[in-house]
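Residue numbers (the numbering used here): 2 to 144.
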């Protein structure tokens, strides 16, 4: 998918490499995941997904839904599309019985940090492959 390739290029530009998180597309299949794509004029312009976590490790809890691959195409930024995708992910996770949304973003993504903080997300201890990564910030929100 072009949006995911574009997102990976953002990571390369900002951090020097792509996202290090192992992600299997099957993890986003219902009922243990969800992936949303937003379209404008039949063109995909925004995306995001969540995958279930049912083992408590680090700061993750049983019942968490981890947000992954949130992205809005450059030309479509500033129109509120990220908030629409985020809200749809929260709704889908809640409907699937998830209790909390969690995510990781990086220090070099101030627009993402702002989106999550203004959407009710609060910092938590880093988890998973990001546990000791100095440029990672992890967030959570009860849903």
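Ideal placement from N, C-alpha and C gives every residue a C-beta, glycine not left out.
Predicted, not measured: the structure shown is a model, and the values here were computed from it.
- Residue range 3-16 is occupied by the alpha helix (DSSP H) that includes residue 4.
- Pairing residue 71 with residue 49 gives a Cβ-Cβ distance under 8 Å.
- Judged by DSSP secondary structure, residue 44 falls within the beta strand (DSSP E) whose first and last residues are 44-54.
- Within the same chain, and ignoring the five residues on either side of residue 56 in sequence, the residues whose Cβ sits closer than 8 Å to its Cβ are 63.
- DSSP places residue 82 within a helical segment (H, G or I) once states are collapsed to three.
- In the displayed model, residue 131 falls within a helix according to three-state DSSP.
- The bridge partners DSSP lists for residue 101 are 65 and 143.
- The shortest CA-to-CA distance from residue 67 to any of 77, 83, 128 and 16 is the one to 128.
- For residue 40, the enclosing beta strand (DSSP E) stretches over residues 34-41.
- Going by C-alpha positions, residue 11 is about 31 Å away from residue 96.
- Rounded to the nearest whole angstrom, the CA to CA distance from residue 54 to residue 61 is 7 Å.
- The three-state reading of DSSP puts residue 119 in helix, counting H, G and I together.
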